[in-house]
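Participant:
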Amino acid sequence: MRSLIIQVIFFVLIFNIASWFRESSMLANDDKISGNIYSAPVLDASGNSDKTLTIAAQGKTTVLYFFAPWCQICHLSIGNLQALYEKNSNIAVIAIALDYSDKAEVLAFTEQHKLTFPVVLGAQQLKSAFKIKAYPSYYILDKDNTVIGRSLGYSTELGLYLRTL
Numbered sequence: 112m113r114s115l116i117i118q119v120i121f122f123v124l125i126f127n128i129a130s131w132f133r134e135s136s137m138l139a140n141d142d143k144i145s146g147n148i149y150s151a152p153v154l155d156a157s158g159n160s161d162k163t164l165t166i167a168a169q170g171k172t173t174v175l176y177f178f179a180p181w182c183q184i185c186h187l188s189i190g191n192l193q194a195l196y197e198k199n200s201n202i203a204v205i206a207i208a209l210d211y212s213d214k215a216e217v218l219a220f221t222e223q224h225k226l227t228f229p230v231v232l233g234a235q236q237l238k239s240a241f242k243i244k245a246y247p248s249y250y251i252l253d254k255d256n257t258v259i260g261r262s263l264g265y266s267t268e269l270g271l272y273l274r275t276l
């Protein structure tokens, strides 16, 4: 039993160190996002992208989810984000597609996962501004556009929810 406890502690320690190292290149907690600078076209259900959305807090805690349609981890984790969105009216979600070949690829991803939150078409400027190096990347913003959480890679619905608190 003692050996098992030591192994669990060792695993948790290594996991946290690895997570810290991977996330160290992201925006820091307490960084303020200037919501007036970044906007992107919103992809609607018909594939149009005539409207734009400011990439910023939506008047409440907001999850910014950066993904690529070809990313397998994104396919695995997006359902958790959809469930979080459906169950928590006090949390807004914006998904930002990056590194896609065309709008049809993003639309197919959106339809496959039956996403009901806004999905926008990001560009290199957004990728650079938010220091996105891998997918999926998450930022949690408070209502004042301050980063209060961040994550890289797969996250459970519970993990996402806990980061919004």
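For the sequence shown, position 99 matches number 210 in this note's numbering, and the numbering has no gaps at all.
Note that beta-carbon positions come from the ideal geometry of N, C-alpha and C, so glycine has one too.
These numbers come from a predicted model, not from an experiment.
Does the region 184-194 come into contact with the region 218-230, if we say contact requires no fewer than three beta-carbon pairs (one atom in each stretch) closer than 8 Å?
Facilitator: yes
Participant: For Gly260, which three-state DSSP category applies?
Facilitator: In the sequence shown, the residue the question calls residue 260 occupies position 149. Gly260 carries a strand assignment under DSSP once its states are collapsed to helix, strand and coil.
Participant: Would the beta-carbon of Val174 fall within 9 Å of that of Val153?
Facilitator: Walking along the sequence shown from the start, residue 174 turns up at place 63. Walking along the sequence shown from the start, residue 153 turns up at place 42. Cβ atoms of Val174 and Val153: not closer than 9 Å.
Participant: Quick check on Lys254: does DSSP put it in helix, strand or coil?
Facilitator: Here residue 254 refers to the residue found at position 143 when the sequence shown is read from its first residue. Here Lys254 sits in coil by DSSP.
Participant: Does the Cβ-Cβ distance between Leu164 and Val258 come in under 9 Å?
Facilitator: Residue 164 sits at position 53 when you count from the first residue of the sequence shown. Residue 258 sits at position 147 when you count from the first residue of the sequence shown. For Leu164 and Val258, no; Cβs fall outside 9 Å.
Participant: Report the residue from Thr267, Leu263, Asp253 and Tyr265 whose alpha carbon sits nearest the alpha carbon of Thr275.
Facilitator: Counted from its first residue, the sequence shown places residue 275 at position 164. The option with the nearest alpha carbon to Thr275 is Asp253.
Participant: Given a cut-off of 9 Å on the beta-carbon distance, is the pair Glu216 and Trp181 in contact?
Facilitator: Taking the first residue of the sequence shown as 1, we reach residue 216 at position 105. Taking the first residue of the sequence shown as 1, we reach residue 181 at position 70. Contact flag set, yes.
Participant: Could you check what DSSP says for Tyr265 in three-state terms: helix, strand or coil?
Facilitator: Translated into the one-based positions of the sequence shown, residue 265 becomes position 154. Looking at Tyr265 - three-state DSSP - the assignment turns out to be coil, as it is neither helix nor strand.
Participant: Report yes if the C-beta distance between Ala206 and Phe178 is below 9 Å; otherwise report no.
Facilitator: Counting from one through the sequence shown, the residue named residue 206 turns up at place 95. Counting from one through the sequence shown, the residue named residue 178 turns up at place 67. In this structure, Phe178 lies closer than 9 Å to Ala206 by Cβ.
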